[in-house]
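To start, the structure itself, in structure tokens.
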Amino acid sequence: KFYNQRKKEQSISFDMLRASVNLVLASILIAMGTSLKLPLSTTYVTFMVIMGTSLADRAWGRESAVNRITGVITVISGWFFTALSAFTVAFLVALIIHWTGFTGIILLILLVLFIVIKTRTVHKKRDEEEQKIKESYYADEELKSENILETCKKDVSEIISSISKLFSNIYTGLIKEDRKSLKGTLKEIKLTRSLPAKAMASANVPTRTINFNILILKSQFST
Numbered sequence: 003k004f005y006n007q008r009k010k011e012q013s014i015s016f017d018m019l020r021a022s023v024n025l026v027l028a029s030i031l032i033a034m035g036t037s038l039k040l041p042l043s044t045t046y047v048t049f050m051v052i053m054g055t056s057l058a059d060r061a062w063g064r065e066s067a068v069n070r071i072t073g074v075i076t077v078i079s080g081w082f083f084t085a086l087s088a089f090t091v092a093f094l095v096a097l098i099i100h101w102t103g104f105t106g107i108i109l110l111i112l113l114v115l116f117i118v119i120k121t122r123t124v125h126k127k128r129d130e131e132e133q134k135i136k137e138s139y140y141a142d143e144e145l146k147s148e149n150i151l152e153t154c155k156k157d158v159s160e161i162i163s164s165i166s167k168l169f170s171n172i173y174t175g176l177i178k179e180d181r182k183s184l185k186g187t188l189k190e191i192k193l194t195r196s197l198p199a200k201a202m203a204s205a206n207v208p209t210r211t212i213n214f215n216i217l218i219l220k221s222q223f224s225t
């Protein structure tokens, strides 16, 4: 027990030491590159310093090396993709304004307003769906020994019924090769998986408020 506690404290100090080295070394390299007027990415420098320190302390193992290399490639390719996307969008916007003039500016403003309104509508709809879920799970009901079993039975029955329906939709979509149907089923699966967590988060039922008669019921079922 004492050995584990000491080991925990050492790992915390070790993490603080590595973080200090990363911070100081990255700052030195960024300051040096800036003073020499070199084009550099501060994010890339910091990222590579972190990877270097992980190599020095042998954090790279046979199990984690693949994930780390994949992470490096993903981050670097993401930067190139972001730069290419920004270049393409800027080119198209400038081209539209050059060809259409003031009319193109008005159309671009309308397009931006449409995107903003559409995004707000989507988020509002998602919030309303989450609110409905919260209201349907113990929103105004306090769990007591008289209703806890019935409530649990109802919830389990609804989830099992929804799972059966989802399996049926998956089989139907695969047989008909209906991509749209499968995509909709995937959304329903994600929603179904999130139901228990959202129910627990939204339940206005602290454990200490449940009647102690539940303990009697528990003892009866255990016997």
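Count along the sequence shown from 1, add 2, and you get the number used in our numbering. We treat Cβ as the ideally placed atom computed from N, Cα and C, and that holds for glycine. This structure is a prediction, so every number in the text was calculated from the model and none was measured.
Selected residue, minimal CA-CA separation from residue i, among the options
| i | options | result |
| --- | --- | --- |
| VAL158 | ARG195, ILE172, LYS120 and ILE119 | ARG195 |
| VAL51 | ARG64, GLU190, SER79 and SER22 | SER22 |
| ILE191 | LEU168, ASP180, SER183 and LEU115 | LEU168 |
| LEU193 | ASP180, PHE93 and GLU132 | GLU132 |
| VAL114 | VAL95, ARG181 and ASP129 | VAL95 |
Beta-carbon proximity of residue i to residue j, cut-off 8 Å
| i | j | result |
| --- | --- | --- |
| ILE119 | LEU110 | no |
| ARG255 | THR48 | One cannot answer for residue 255 here, as it falls past the ends of the chain, which runs 3 to 225. |
| SER183 | THR174 | yes |
| THR187 | ILE172 | yes |
| MET53 | VAL26 | no |
Heavy atom of the ligand PLP within 7 Å of residue i beta-carbon
| i | result |
| --- | --- |
| PHE169 | Absent from the structure shown: the ligand PLP. Ligands present: none. |
- Cβ contact check for the stretch 52-67 and the stretch 29-44: 3 or more pairs under 8 Å: In the pairwise beta carbon analysis, the stretch 52-67 is classified as not touching the stretch 29-44: fewer than three pairs are separated by under 8 Å.
- Query: So does the stretch 69-76 actually touch the stretch 31-41, counting three or more Cβ pairs closer than 8 Å?
  - Reply: no
- Complete runs of the alpha helix (DSSP H) confined to the stretch 27-61 [at least 4 residues]: You should have 44-58.
- Task: Just list the alpha helix (DSSP H) runs in the stretch 81-164, keeping only unbroken ones of 4 residues or longer that don't cross its boundaries, in chain order.
- Result: 104-138
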